[in-house]
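Residue numbers (our numbering), protein chains in the order written: chain A, 1 to 218; chain B, 219 to 436. Everything on this sheet refers to the single structure shown next.
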DNA sequence: TTAAATCTGTGGTTATAACCACAGATTTAT
DNA sequence: ATAAATCTGTGGTTATAACCACAGATTTAA
């Protein structure tokens, strides 16, 4: 268990919790490590989510279960990532998503009720844990809100502009975006080549300049 | 204060908390009532959110502050609604939104730290309060996720279809949607008349039938 | 009950984004 | 260093959604 401490310390759920405390805490929480092979299912759509998971090594995919049975990729989880937390906190009884291992992975599973209800020995960091959980959910909320604000715009140009402005920089300042073209297109929910077309047009119109991931608004 | 109990009991933040407990609880939380006139500001974009608010009477607008200074309506809060909770829980120091009274309103303000940190007298329902808060945030998360899943689709037809299927009914079953055309268009982030056009086409193509808010998928 | 206001559907036009195919650029692997 | 793989831009076509204007339907108010 202790060999995963480095990863766990980078997890937002355990932020501001000292490594010394971590060990006792994990015992309190009844944390268990689970290893899964590629293509193994960690949570099946329709089942009740019973654990909040933290990915230690490997890679997971969150798949959206279509009402016709088709699955589509919703998100990917990488090392240090947390999953099923919203489902647990919302008390969902039938998961709308399937969590599938894309590669051999190790995860840490935490019972939700143990996180929420102070443990008998009432470790002092328990309140911090709950605070972190609130912070994770609230943060995701704000991020999605902001993305919806962008994706909801009617034109591709408006989406790009708003996205760039969301960095809050001054005009003329260099913006380094964390996406390549394909990823940006996915984020904006538009076609990749349509995005490239529009970017070229915006450059021609003197609205922006860019090269690779570096953008400038005029 | 007590005259607002009926509204407070309908609030998700206080669900499963008995009215008897409510009074002591509100005292613990240092709840204060505030009345504002139309067009008064409850939270200004750029300011640090200090309280979680519950709207008792009246109506509030959440306005998105554009990076160019323009404000656009993001959401409306109606009686019993909660606001600024995600901002507080995420520890945001500069609110990206302004909360404005659309009419004379009364709100209850709760200090965030008091919600999170168990009060000295550690009232037994405190844990329930935190649980409710987690549930509110997690629920909003899932709802937004699901909406993003719909809005992100490339064609209007796909959006409508997915939206209708999200009700999870069998084909042929009657679906009563909670929106009129304009609201549905807003939800799907499309033009109202374009939506009407597409609905007509889908009916012609034998995919769906509808009349007012009643829809059927074939 | 009539008038006013709101909602919904529809025709028509135009702008725009999706889609396809491909080539040059860039990165990664060997 | 070369080949392979991936990423990005671009031309061209087509489907589609935005947009405008308006009329009939429906709801609300007086």
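Note that CB positions come from ideal geometry on N, CA and C, so glycine has one too.
- Task: Mark residue 303 of chain B as exposed unless 16 or more other C-beta atoms lie within 10 angstroms of its C-beta, in which case mark it buried.
- Result: Under the 10 Å beta carbon count, residue 303 of chain B is surrounded by 16 or more other beta carbons and is classified as buried.
- DSSP puts residue 101 of chain A in a beta bridge; with which residues? Partner(s): A:60.
- Query: Any idea what DSSP makes of residue 112 of chain A, helix, strand or coil?
  - Reply: Correct three-state label for residue 112 of chain A: helix.
- Message: Comparing C-alpha positions only, which one of A:1, A:8, A:16 and A:10 sits nearest to residue 126 of chain A?
- Response: The alpha carbon of residue 126 of chain A has as its nearest neighbour, out of A:1, A:8, A:16 and A:10, the alpha carbon of A:16.
- Item | Opening and closing residue of the beta strand (DSSP E) in which residue 42 of chain A lies | Here the beta strand (DSSP E) through residue 42 of chain A covers 41-43.
- Task: Give the C-beta separation of residue 73 of chain A and residue 63 of chain A to the nearest angstrom, bearing in mind that I take them to be a contact with Cβ-Cβ under 8 Å.
- Result: The distance from the Cβ of residue 73 of chain A to that of residue 63 of chain A is about 6 Å, consistent with a contact at the 8 Å cut-off.
- Message: Going by C-alpha to C-alpha distance, which of B:415, B:368, B:293 and B:424 sits closest to residue 389 of chain B?
- Response: In this structure, B:424 is the residue among B:415, B:368, B:293 and B:424 with its C-alpha nearest to the C-alpha of residue 389 of chain B.
- Return the chain-ordered list of same chain residues with a C-beta closer than 7 Å to the C-beta of residue 299 of chain B, the five sequence neighbours on each side being excluded. If the five residues before and after residue 299 of chain B are omitted, its C-beta is found closer than 7 Å to the C-beta atoms of 273, all from its own chain and listed in chain order.
- Message: Within the continuous alpha helix (DSSP H) that includes residue 242 of chain B, where are the two ends?
- Response: Taken as a continuous stretch (DSSP letters only), the alpha helix (DSSP H) holding residue 242 of chain B covers 237-246.
- Item | Per-residue burial, residue 147 of chain A [other beta carbons within 10 Å of its own, 16 or more giving buried] | Classification of residue 147 of chain A: buried, given that the 10 Å Cβ count is 16 or more.
- Message: Restricting to Cα atoms, I'd like to know which of B:333, B:263, B:265 and B:276 is closest to residue 255 of chain B.
- Response: With distances taken between Cα atoms, residue 255 of chain B lies closest to B:276.
- Task: Kindly indicate if chain B contains any beta-carbon less than 8 Å away from that of residue 17 of chain A.
- Result: Taking Cβ atoms only, chain B never reaches closer than 8 Å to residue 17 of chain A, which makes this a no.
- Task: Would you be able to state if there are at least three C-beta pairs under 8 Å between the segment 149-165 of chain A and the segment 189-208 of chain A?
- Result: Two segments are said to touch when three or more pairs of C-beta atoms, one from each, lie closer than 8 Å; by this definition the segment 189-208 of chain A touches the segment 149-165 of chain A.
- Message: Does the CB of residue 131 of chain A have a neighbour CB from chain B at under 8 Å?
- Response: Residue contact check for residue 131 of chain A against chain B: a CB pair falls below 8 Å.
- Mapping DSSP to helix, strand and coil, what is residue 14 of chain A? The answer is helix: DSSP assigns residue 14 of chain A an H, G or I state.
- DSSP-derived helix/strand/coil call for residue 388 of chain B: Residue 388 of chain B: coil per DSSP, three-state reduction.
- Message: Looking at residue 324 of chain B: is its Cβ nearer than 8 Å to the Cβ of residue 251 of chain B?
- Response: For residue 324 of chain B and residue 251 of chain B, yes; Cβs fall inside 8 Å.
- Query: Does the segment 84-103 of chain A come close enough to the segment 348-363 of chain B that 3 or more CB-CB pairs lie under 8 Å?
  - Reply: Verdict: yes, contact present.
- Is the CB-CB distance between residue 98 of chain A and residue 60 of chain A below 8 Å? No, Cβ-Cβ distance for residue 98 of chain A and residue 60 of chain A is not below 8 Å.
- Item | Continuous alpha helix (DSSP H) stretch holding residue 150 of chain A: start and end | Start and end: 126-151.
- Message: Residues in the same chain with beta-carbon distance under 8 Å from residue 115 of chain A, minus the five sequence neighbours each way, listed in chain order, please.
- Response: Excluding residues within five positions, the ones whose Cβ falls inside 8 Å are 29, 52, 129, 130 and 133.
- Task: Take residue 194 of chain A and list the residues in its own chain whose beta-carbon comes closer than 8 Å to its own, dropping the five residues that flank it on each side.
- Result: 156 and 185, listed in sequence order.
- Along chain B, in chain order, which residues have C-beta atoms closer than 7 Å to that of residue 91 of chain A? Residues of chain B whose Cβ lies closer than 7 Å to the Cβ of residue 91 of chain A are, in chain order, 353.
- Item | Where residue 212 of chain A falls: helix, strand or coil (DSSP) | Looking at residue 212 of chain A - three-state DSSP - the assignment turns out to be coil, as it is neither helix nor strand.
- Query: To which residues does DSSP link residue 71 of chain A through a beta bridge?
  - Reply: Looking at the DSSP assignment, residue 71 of chain A forms a beta bridge with A:65.
- Query: Closest Cβ-Cβ distance between residue 217 of chain B and chain A: below 8 Å?
  - Reply: Any answer about residue 217 of chain B is impossible in this case: the structure gives chain B only from 219 up to 436.
- So the alpha helix (DSSP H) residue 421 of chain B belongs to, where does it begin and stop? First-last of the alpha helix (DSSP H) with residue 421 of chain B: 410-422.
- Query: CB of residue 161 of chain A to nearest heavy atom of the ligand HEM: below 7 Å?
  - Reply: Ligands are entirely absent from the displayed structure, and the ligand HEM is therefore not among its contents.
- Less than 8 Å between the CB atoms is what I'm expecting for residue 45 of chain A and residue 18 of chain A, so what's the real figure, rounded? About 38 Å separates the two Cβ atoms, so there is no contact after all.
- Message: Quick check: is the beta carbon of residue 151 of chain A nearer than 8 Å to any beta carbon in chain B?
- Response: By the rule that beta-carbons nearer than 8 Å mark a contact, residue 151 of chain A touches chain B.
- Does residue 358 of chain B have its Cβ less than 8 Å from a Cβ in chain A? It does; some Cβ of chain A falls within 8 Å.
- Query: For residue 319 of chain B, which residues of its own chain have a beta-carbon under 7 Å away from its beta-carbon, when the five flanking residues on both sides are left out?
  - Reply: The residues are 254, 255, 256, 257, 258, 260, 276 and 278.
- If residue 164 of chain A and residue 215 of chain A are in contact, beta carbons under 8 Å, what's the gap, nearest whole angstrom? With 8 Å as the limit, residue 164 of chain A and residue 215 of chain A qualify as a contact, their Cβ atoms being about 6 Å apart.
- Task: Figure out for me which residue from B:266, B:321 and B:418 has the closest Cα to the Cα of residue 295 of chain B.
- Result: If we check each option's Cα against that of residue 295 of chain B, B:321 comes out closest.
- Which listed residue (B:330, B:312, B:289 and B:266) has its alpha carbon closest to that of residue 169 of chain B: For chain B, the structure presents residues 219 to 436; residue 169 of chain B sits outside this window and is missing.
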